[in-house]
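According to our numbering, the residues represented by the sequence shown are 8 to 225, in order.
All residues carry an ideal CB built from backbone N, CA and C; glycine is no exception.
As the structure is a prediction and not an experimental result, all values here were calculated from the model.
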Amino acid sequence: MTIAIRRASTHDAQAIARVRIDCWRTTYRGMIPDAYLDAMDVDASTALWNRVLSASPNTTSVFVADDDGVVVGFGAGNMLEEPRYALDAELSAVYVRRDRQRIGIGRRLVDAVASAQRDHGAHGLIVWVIAANKGARAFYEELRGALLVEQPFEWDGMPLVEAGYGFPDIDALIRACETCASGDGPPRPASSTPKGSGEAAMPRAWGGSNNPDGEMVH
Ligand SMILES: CC(C)(COP(=O)(O)OP(=O)(O)OC[C@H]1O[C@@H](n2cnc3c(N)ncnc32)[C@H](O)[C@@H]1OP(=O)(O)O)[C@@H](O)C(=O)NCCC(=O)NCCS
Numbered sequence: 008m009t010i011a012i013r014r015a016s017t018h019d020a021q022a023i024a025r026v027r028i029d030c031w032r033t034t035y036r037g038m039i040p041d042a043y044l045d046a047m048d049v050d051a052s053t054a055l056w057n058r059v060l061s062a063s064p065n066t067t068s069v070f071v072a073d074d075d076g077v078v079v080g081f082g083a084g085n086m087l088e089e090p091r092y093a094l095d096a097e098l099s100a101v102y103v104r105r106d107r108q109r110i111g112i113g114r115r116l117v118d119a120v121a122s123a124q125r126d127h128g129a130h131g132l133i134v135w136v137i138a139a140n141k142g143a144r145a146f147y148e149e150l151r152g153a154l155l156v157e158q159p160f161e162w163d164g165m166p167l168v169e170a171g172y173g174f175p176d177i178d179a180l181i182r183a184c185e186t187c188a189s190g191d192g193p194p195r196p197a198s199s200t201p202k203g204s205g206e207a208a209m210p211r212a213w214g215g216s217n218n219p220d221g222e223m224v225h
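Put into structure tokens, the structure is as follows:
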């Protein structure tokens with residue numbers, strides 16, 4: 008099996024949309040309203056990703072994990088207009104199809120996105136997750152992300168909690184991506200997840216404040 012991480016093109020828009028919808032349905036069931044998950048539409052999402060991927064050169068980066076011609080994951084990042092928590096870039100999406108999780112694709116995607124954002128001048132990254140998304144939280148904590156905040160927000164009438172993780176040193180994040188699977192990285196903080204909040208974390212990036220349509224492209 009050869010899985011390549013490569014930059015996405017407009018030809019990948021539909022595959023990205025499919026992976027995203029698939030991941031939302033397998034990850035967020037029970038966290039966000041079923042009605043929303045069931046109504047997610049590949050064509051609409053494809054159109055959005057087409058727009059993202061055909062935009063003029065900008066400081067957004069999108070990478071896909073290509074498994075012998077099949078897109079099984081993707082990651083995206085962008086520079087922030089205003090730094091948040093002193094972080095100047097955002098990891099806006101990282102999704103790996105369930106049947107390809109836990110084989111290192113996620114960290115390779117984050118590595119690619121972080122490196123691309125560093126090339127755009129980024130010093131640090133922020134990522135938002137639904138607090139109940141334990142798997143993603145463990146992933147970011149494995150990469151030595153620091154929990155910045157947990158806060159409630161409401162979406163589609165459903166009260167949720169989001170958690171923000173920060174990677175203030177983008178070089179350290181890139182190193183962590185390259186070493187975490189081998190277990191030879193520096194020691195991690197004891198625990199960055201406060202007791203009692205170990206449940207929910209969901210991506211705030213998914214809330215899509217940078218998307219004028221209000222549709223979540225992440
Ligand atoms: C979170 C996600 C992107 C991680 O990608 P991945 O390819 O599965 O992760 P990797 O194989 O690179 O994992 C690297 C390390 O992170 C940690 N990790 C990753 N997923 C984990 C999980 N579900 N539970 C605990 N630890 C996890 C592990 O330490 C793992 O190393 P190991 O497998 O050798 O133990 C992927 O599982 C995914 O797409 N999940 C569903 C969508 C989602 O939640 N996206 C994030 C939105 S904010």
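CA-to-CA distance, Ile137 to Ala24, given in whole angstroms: For the purposes of this step, residue 24 is taken as the residue at position 17 of the sequence shown. For the purposes of this step, residue 137 is taken as the residue at position 130 of the sequence shown. Cα-Cα distance, rounded: 20 Å.
Leu60: first and last residue of the uninterrupted alpha helix (DSSP H) it sits in: Taking the sequence shown and counting its residues from 1, one reaches residue 60 at position 53. Note, Leu60: alpha helix (DSSP H), 49-61.
Check: Tyr102 C-beta below 7 Å from any heavy atom of ligand 1: Along the sequence shown, read from residue 1 onward, the residue named residue 102 stands at position 95. True, at least one ligand heavy atom lies under 7 Å from that Cβ.
Neighbourhood of Asn57 by C-beta distance below 7 Å, restricted to the same chain and skipping five residues each side: Working through the sequence shown from its first residue, we reach residue 57 at position 50. Closer than 7 Å at Cβ, skipping near neighbours: Thr17, Ala20.
At least 3 beta-carbon pairs within less than 8 Å: the region 151-166 vs the region 114-121: no
Integer Cβ distance of Pro175 from Ala93, believed to fall under 8 Å: As a working mapping, residue 175 is identified with position 168 in the sequence shown. As a working mapping, residue 93 is identified with position 86 in the sequence shown. Right, their Cβ atoms sit about 7 Å apart.
Three-state secondary structure assigned by DSSP to Ala153: Working through the sequence shown from its first residue, we reach residue 153 at position 146. Shown here, Ala153 sits in a strand according to DSSP, grouped into three states.
Closest by C-alpha distance to Ala123, when choosing among Asn65, Lys141, Val134, Gly76: Here the question's residue 123 lines up with position 116 in the sequence shown. The candidate whose alpha carbon is nearest that of Ala123 is Asn65.
Beta-carbon proximity check, Ala96 vs Ala129, cutoff 8 Å: Translated into positions along the sequence shown, residue 96 becomes position 89. Translated into positions along the sequence shown, residue 129 becomes position 122. Result yes, Cβ atoms of Ala96 and Ala129 sit closer than 8 Å.
Whole-angstrom C-beta distance between Leu167 and Leu132, which should lie under 8 Å: As a first step, residue 132 must be located in the sequence shown, where it is residue number 125. As a first step, residue 167 must be located in the sequence shown, where it is residue number 160. 22 Å between Cβ atoms; not a contact.
Contact test: Phe160 Cβ vs ligand 1 heavy atom, cutoff 7 Å: Along the sequence shown, read from residue 1 onward, the residue named residue 160 stands at position 153. Within the chosen limit of 7 Å, ligand 1 does not reach the beta carbon of Phe160 with any heavy atom.
Those residues which DSSP pairs with Pro159 across a bridge: As a position in the sequence shown, residue 159 is number 152, starting the count at 1. Its beta-bridge partners are Val168.
Which listed residue (Ile112, Gly171, Asp48, Tyr147) has its alpha carbon closest to that of Thr11: Indexing the sequence shown from 1 puts residue 11 at position 4. Checking the displayed sequence, the identity of residue 11 turns out to be Ala instead of Thr. Minimum Cα distance to Ala11 is reached at Ile112.
Alpha-carbon spacing of Arg32 relative to Asp45, whole angstroms: Start at 1 with the first residue of the sequence shown, and residue 32 comes out as number 25. Start at 1 with the first residue of the sequence shown, and residue 45 comes out as number 38. Going from the Cα of Arg32 to the Cα of Asp45 covers about 8 Å.
Distance CB(Val103)-CB(Gly84) smaller than 8 Å: Within the sequence shown, residue 103 is the residue found at index 96, counting from 1. Within the sequence shown, residue 84 is the residue found at index 77, counting from 1. Taking 8 Å as the Cβ cut-off, Val103 and Gly84 do not qualify as a contacting pair.
Cβ-heavy atom distance, Ala145 to ligand 1, below 7 Å: On the sequence shown, residue 145 is found 138 positions in, with the first residue counted as 1. Answer for Ala145: yes, Cβ within range of ligand 1.
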